[in-house]
Every structure is written in structure tokens, then in C-alpha cells.
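A.B. asks:
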Amino acid sequence: MAEQLKINYSSAYLKYQILKGAWFVHKPAIESLMPSVNDFINGNIEIIEDEKELELSLPYLIKLTHQNNPSLSKNISVIPIEGSLMKKDYCGAPGMQTIGNRIKLADESDNVDGIILKIDSPGGTVDGTQELGDIVKNTSKPILAFADGLMASAAYWVGSSADMVMAKDNTTEVGSIGVVLSFMDNSEAAEKAGVKMHTVFADQSTEKWKEIEDAVKGDYSTLKEWTLNPLAEEFQNTVIENRSNVKDKALRGRVFLAKQAKKENLIDKIGNFESALKELNKLINNNIMSKDNNEKVVEMTISEDEKGFFDKLGSYFKPEVKDISDETKIEFEAKVSEQENLITELKTENEALKSELKEKDTVIGESNTINEIQIEEVKRLTEINDGIKTELTKKVAESSKIEVEDDKLEIGKLSEEDAAWANETAKFKEQF
Numbered sequence: 001m002a003e004q005l006k007i008n009y010s011s012a013y014l015k016y017q018i019l020k021g022a023w024f025v026h027k028p029a030i031e032s033l034m035p036s037v038n039d040f041i042n043g044n045i046e047i048i049e050d051e052k053e054l055e056l057s058l059p060y061l062i063k064l065t066h067q068n069n070p071s072l073s074k075n076i077s078v079i080p081i082e083g084s085l086m087k088k089d090y091c092g093a094p095g096m097q098t099i100g101n102r103i104k105l106a107d108e109s110d111n112v113d114g115i116i117l118k119i120d121s122p123g124g125t126v127d128g129t130q131e132l133g134d135i136v137k138n139t140s141k142p143i144l145a146f147a148d149g150l151m152a153s154a155a156y157w158v159g160s161s162a163d164m165v166m167a168k169d170n171t172t173e174v175g176s177i178g179v180v181l182s183f184m185d186n187s188e189a190a191e192k193a194g195v196k197m198h199t200v201f202a203d204q205s206t207e208k209w210k211e212i213e214d215a216v217k218g219d220y221s222t223l224k225e226w227t228l229n230p231l232a233e234e235f236q237n238t239v240i241e242n243r244s245n246v247k248d249k250a251l252r253g254r255v256f257l258a259k260q261a262k263k264e265n266l267i268d269k270i271g272n273f274e275s276a277l278k279e280l281n282k283l284i285n286n287n288i289m290s291k292d293n294n295e296k297v298v299e300m301t302i303s304e305d306e307k308g309f310f311d312k313l314g315s316y317f318k319p320e321v322k323d324i325s326d327e328t329k330i331e332f333e334a335k336v337s338e339q340e341n342l343i344t345e346l347k348t349e350n351e352a353l354k355s356e357l358k359e360k361d362t363v364i365g366e367s368n369t370i371n372e373i374q375i376e377e378v379k380r381l382t383e384i385n386d387g388i389k390t391e392l393t394k395k396v397a398e399s400s401k402i403e404v405e406d407d408k409l410e411i412g413k414l415s416e417e418d419a420a421w422a423n424e425t426a427k428f429k430e431q432f
């Protein structure tokens, strides 16, 4: 009797991910796995879950103890990201969804101050990568990505989303920002085995599987245009957004050793795990200061006239701090005292400016009064001048009239004399 076929969900999911499409993965990882993959797909090997390996993938907590002040101790959640990454759990290994849930749980925990992603991965499937990267990017607590050997492709997408990226040592590999798709054409082998595949598309489905059908025939242009190039562009844009100073050279798919990766701005620092814990502790302290400054507002009493003026000064903070060290409280009190002194100085300066403005208003008012008097005087003088002009015009007119009448009288006198002379002349003529 033939043995009954048992289908393991994890195995089926793994086969699906291997065969389905594009990966953000480092090439050596594919090459080293291909023989096993072929045997796995053909059913020649069985995947067995390793409980010890499963335990190593679980998150754990590290307590950073402050020797002089226990209240300054920090709890760090370390979340391993190892091996090839897939969206869902497979064969005992946590998928990207599970890793994302672990990060969110640590971010929401009151018992966790910061998170380290301990990464040793060649990358993985495209599906699930962006979702995990967004979870890392949106954590409220400080998060550091620590490359523990290899942080490539999908693993780098995730790591670049952290607040800081570190590499363990100079031999650590970082990069592989790119996308690849590999598929096996077993049609010839199937035909030799007597299996002939028939694929039929609906008349309306003219582009169904077109990129794959073209690729099988040796034409990869459609596959690049529709799938690979847009995914590569999305990958590059995400890295540029996460790390604005990354060099263009680093975006073309190459893997760099740590020193060169730092020059290309793919990472921030090189140092061991202890160094990573110290750097994360700094991020946590900065985060505490930033949160307290944003949440504790200084109480000020100001008048309505001053309100608009002080609105321009921004926010001030009051040291209502709980559960922190005396040293931190002293720092806050010093800052608040400095801010209060600044407020007092600004109030004094504001009062002086208001007093000066009032004096200037008085001077301007007096000047306006003088101007009004001068205007009235000019108006009065103008009226007098106009009256004089009118009087002069009248006198001139009367004078002209008198002269005309005198001329007429003179003319009249001359006419009478002429007449008398004419009579005398006539009389003289008659005598002769």
C-alpha cells in the first residue's frame, strides 16, 4: 500500500515563495541554497524544525545597570533577524510578520527602553519587506540595527529604517540594494517524462502571464518593465528617504565591507555589540530629554497685550518630571531657570519698548497739533491775501474808469476850441 501523502503548511508556503517571484536577496544565498531547493521542490528532502534554532530566534532582554545610580538603568530588547526572510513563518523560522509583531510588542512595553535588531541575513522575499521596514521606522522608542555578519538586500531595507545602523567589524557585509527574480523552466524535462503542459487564456486576458511567457521565450524586457525595475526604484527611494546622504554608488546592488559601507553612508558606525548597546543608551537618553521637553510646558501668566508677543517665543517647559534621577532633575531645573530669566528679560524689554512707543506717540500728537495750528494760520493769511487781491483789482478798475472819463472831457474841450477857431477864421475871410 502506497504511503499517504502529507502536506506540511510550512513546506507548501516555502515552495510557493521560492517559485512565485521577485526577491530582495544576496546572490550567494541563492546559489548555496539552489541544490537543496531543487531537492525540496522535487520532494526528495523533508524540512525538519530545529527547536534549538527556534529558541535562538526568540527576542531577549538585556538590562544596562548604572553603577552609581540604579534609577538610570535601561532595559534593551534584542530581536534577532537571521537567515532568509519571508513574510510568514516557515519551518519554525519567524517570518517578517512575526518579527514585526515582536518589534511592536517591545515598543509598547513599559519594561523596554530601547530596541536592537541583531541582523545576520542575506535578505528575502519582496512580499513583507516594506511592511516590516515601516514598523521599524515608526517605533516610538529608539531602535538600532546591528549588522552581525551580513545585512543585505531586504535585511538592509529593514535595517536602514532604524534610528542608527552599525556593523560589528570590518569584515561585516552591507548593501545589495536591488531586486532579482529567478525561475526554473522545467518544460523540457516534463516533456521527456511524458508530461505536456497546456496553457489557455481567455480572449480578454491578452496580458495574463505575459511577462513570464515572454521570459520563458528569452525576452526579459516585459518582466523588467512591469516588475523588477519598479521594485528596484521603490527600494532605492526608500533607502534614500531613510538615509538622505547615501551615495549613488551604493544603490546599484553592490555589497560593501563595513569600512566602505560607512564611506557610502550605508551605516553610521563600526563597533561590537557592547558598543551598539552604548550607542543605543545615548539614543535613549536623548529620547527621554526630547519627550520631556515636548510634554512639560512652563506655566506663564501674561496679559492679553503680551500674549501675541510671547506667542512668537514658542513653547517653554516646566520640570514636572517623575521617576528620573536627581542629576536629570537638576539639569531640567537649570534649563527652566534659564528660560524664566529669559522670559523676565523679554518682559522688561517689552515694557521698555511700549514706554518708548508711548513717548513717540505723544511727540507725534504734539507735532500734529502744531501742524493743525500752522494750517489754520496759513488758511487765515491766504484769506487776507485773497481779500487784498480783490481790493487791488477793484481799485485798478476804478482808476481806469477815471482816466477814461478825463480823456473824454479833454477831448470835449479840444472840440470847442476848434469850433471857436473855425468861426474866427470864417469871419476873417468875409472881411476880405
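Numbering follows the numbering used here, in which position 153 of the sequence shown is assigned residue number 153; successive positions increment by one, without gaps.
All C-beta atoms in this analysis are idealised placements derived from N, C-alpha and C, irrespective of residue type, glycine included.
#1: Can you find the residues in the same chain that come closer than 7 Å, C-beta to C-beta, to residue 271, ignoring five residues on each side of it along the sequence?
#2: For the beta strand (DSSP E) holding residue 136, just list the boundary residues, first then last.
#3: When you compare the segment 88 to 100 with the segment 257 to 264, are there three or more beta-carbon pairs, one atom per stretch, that lie closer than 8 Å?
#4: May I ask you to verify whether the segment 131 to 145 touches the segment 170 to 180, counting CB pairs closer than 8 Å and requiring at least 3?
#5: What are the start and end residues of each continuous beta strand (DSSP E) run of 3 or more residues lying completely inside the segment 149 to 182, in chain order?
#6: Can you name, in chain order, every residue of its own chain whose Cβ lies under 8 Å from the Cβ of residue 121, other than the five neighbours on each side?
#7: May I ask you to report which of helix, strand or coil DSSP gives residue 82?
#8: For residue 286, is the classification buried or exposed, using 16 other Cβ atoms within 10 angstroms of its Cβ as the cut-off for buried?
#9: Tell me whether residue 73 sits in a helix, a strand or coil according to DSSP, three-state version.
#10: Could you tell me the alpha carbon to alpha carbon distance between residue 234 and residue 226, rounded to whole angstroms?
#11: Give me the Cα-Cα distance between residue 175 and residue 76, rounded to the nearest whole angstrom.
#12: So for residue 395, helix, strand or coil by DSSP?
#13: Here's the rule I'm using: 16 or more other beta-carbon atoms within 10 Å means buried, otherwise exposed. How should residue 197 be labelled?
#14: How big is the Cα-Cα spacing for residue 128 and residue 280?
#15: For residue 349, does the count of other Cβ atoms within 10 angstroms reach 16, so buried, or fall short, so exposed?
#16: Can you tell me whether DSSP reads residue 63 as helix, strand or coil?
#17: When burial is assigned at 16 or more other CB atoms within 10 Å of the CB, is residue 248 buried or exposed?
#18: Report the rounded CA-to-CA distance for residue 221 versus residue 213, giving the unit in angstroms.
#19: For residue 144, is the classification buried or exposed, using 16 other Cβ atoms within 10 angstroms of its Cβ as the cut-off for buried?
#20: Under the rule that 16 or more other beta-carbon atoms within 10 Å means buried, what is residue 124, buried or exposed?
#21: Could you give the DSSP three-state label for residue 100: helix, strand or coil?
#22: Smallest Cα separation from residue 119: which of 99, 362 and 344?
#23: Taking a contact to mean a Cβ-Cβ separation below 7 Å, would you say residue 251 touches residue 177 in this structure?
#24: Straight-line CA distance for residue 360 to residue 237?
#25: So if DSSP puts residue 257 in a beta bridge, which residue, or which two residues, is it bridged to?
#26: Report the CB separation of residue 232 from residue 179 in whole angstroms; it is logged as a contact under 8 Å.
#27: Which value, in whole angstroms, describes the spacing of the CA atoms of residue 108 and residue 345?
#28: Taking DSSP as the reference, what is the three-state secondary structure of residue 361?
#29: Would you check if the distance between the CB atom of residue 63 and the CB atom of residue 113 is smaller than 7 Å?
#30: If contacts are defined as beta-carbon pairs under 8 Å, then residue 266 and residue 256 qualify, I think. What distance do you get, rounded to the angstrom?
#31: Nearest CA to the CA of residue 161: which residue from 282, 115 and 364?
#32: To the nearest angstrom, how far is it from the Cα of residue 381 to the Cα of residue 369?
#33: How is residue 146 classed by DSSP in three states: helix, strand or coil?
C.D. replies: Walking through what the data contain:
#1: In the sequence shown, residue 271 corresponds to position 271, counting from 1. Here the set comprises 166.
#2: Your numbering for residue 136 matches position 136 in the sequence shown. No beta strand (DSSP E) contains residue 136, which is instead part of the alpha helix (DSSP H) from 129 to 137.
#3: no
#4: no
#5: 164 to 167 and 173 to 175
#6: In the sequence shown, residue 121 corresponds to position 121, counting from 1. Answer for residue 121: 81, 82, 83, 84, 85, 150, 151, 152, 154 and 155, listed in chain order.
#7: Start at 1 with the first residue of the sequence shown, and residue 82 comes out as number 82. In the structure shown, residue 82 sits in a strand (DSSP, three-state: E or B).
#8: Indexing the sequence shown from 1 puts residue 286 at position 286. Looking at its Cβ environment, which holds fewer than 16 other Cβ atoms inside 10 Å, residue 286 is exposed.
#9: Reading the sequence shown from its first residue, position 73 is the one you call residue 73. Coil at residue 73, not helix or strand.
#10: Residue mapping note: residue 234 aligns to position 234 of the sequence shown, counting from 1. Residue mapping note: residue 226 aligns to position 226 of the sequence shown, counting from 1. Across the structure, residue 234 and residue 226 are spaced so that their CA atoms are roughly 13 Å apart.
#11: What you label residue 175 is simply residue 175 of the sequence shown in a count that begins at 1. What you label residue 76 is simply residue 76 of the sequence shown in a count that begins at 1. Each residue's Cα considered, the two are about 26 Å apart.
#12: Start at 1 with the first residue of the sequence shown, and residue 395 comes out as number 395. Here residue 395 sits in helix by DSSP.
#13: As a working mapping, residue 197 is identified with position 197 in the sequence shown. Flag for residue 197 reads exposed.
#14: For the purposes of this step, residue 128 is taken as the residue at position 128 of the sequence shown. For the purposes of this step, residue 280 is taken as the residue at position 280 of the sequence shown. Taking the straight line joining both Cα atoms gives about 26 Å.
#15: Locating residue 349 in the sequence shown gives position 349, counting from the first residue. Using a 10 angstroms sphere on the CB of residue 349, the tally of other CB atoms stays under 16, which defines it as exposed.
#16: In the sequence shown, residue 63 corresponds to position 63, counting from 1. Note: residue 63 maps to strand in three-state DSSP.
#17: Here residue 248 refers to the residue found at position 248 of the sequence shown. That one is exposed.
#18: For the purposes of this step, residue 221 is taken as residue 221 along the sequence shown, with counting starting at 1. For the purposes of this step, residue 213 is taken as residue 213 along the sequence shown, with counting starting at 1. Looking at the two C-alpha atoms, the distance is approximately 11 Å.
#19: The count along the sequence shown starts at 1 and reaches residue 144 at position 144. Burial of residue 144 is indicated by the presence of at least 16 other C-beta atoms within 10 angstroms of its C-beta.
#20: The residue you call residue 124 lines up with position 124 of the sequence shown. Answer is buried; the Cβ neighbour count reaches 16.
#21: One-based indexing of the sequence shown puts residue 100 at position 100. Residue 100: helix per DSSP, three-state reduction.
#22: In the sequence shown, the residue the question calls residue 119 occupies position 119. Of the listed residues, the one whose Cα sits closest to residue 119 is 99.
#23: For this step, residue 251 is matched to residue 251 along the sequence shown. For this step, residue 177 is matched to residue 177 along the sequence shown. Their beta carbons are under 7 Å apart, which means residue 251 touches residue 177 by this criterion.
#24: As a working note, residue 360 is residue 360 in the sequence shown. As a working note, residue 237 is residue 237 in the sequence shown. Each residue's alpha carbon lies about 58 Å from the other.
#25: Taking the sequence shown and counting its residues from 1, one reaches residue 257 at position 257. Per DSSP, 173.
#26: Here residue 232 refers to the residue found at position 232 of the sequence shown. Here residue 179 refers to the residue found at position 179 of the sequence shown. Sure, about 5 Å apart at Cβ, within 8 Å.
#27: Counted from its first residue, the sequence shown places residue 108 at position 108. Counted from its first residue, the sequence shown places residue 345 at position 345. Near 42 Å, if we compare the C-alpha coordinates of residue 345 and residue 108.
#28: On the sequence shown, position 361 is the one that residue 361 refers to. Helix, per DSSP.
#29: Here residue 63 corresponds to residue number 63 of the sequence shown, with the count starting at 1. Here residue 113 corresponds to residue number 113 of the sequence shown, with the count starting at 1. No.
#30: Within the sequence shown, the letter at position 266 stands for residue 266. Within the sequence shown, the letter at position 256 stands for residue 256. Indeed, because the Cβ distance is near 6 Å, the residues count as touching under 8 Å.
#31: Residue 161 sits at position 161 when you count from the first residue of the sequence shown. If we check each option's Cα against that of residue 161, 115 comes out closest.
#32: Against the sequence shown, residue 381 aligns to sequence position 381. Against the sequence shown, residue 369 aligns to sequence position 369. Between the alpha carbons of residue 381 and residue 369 lies a distance of about 19 Å.
#33: The residue labelled residue 146 in the question sits at position 146 within the sequence shown. Of the three classes helix, strand and coil, the one that applies to residue 146 here is strand, per DSSP.
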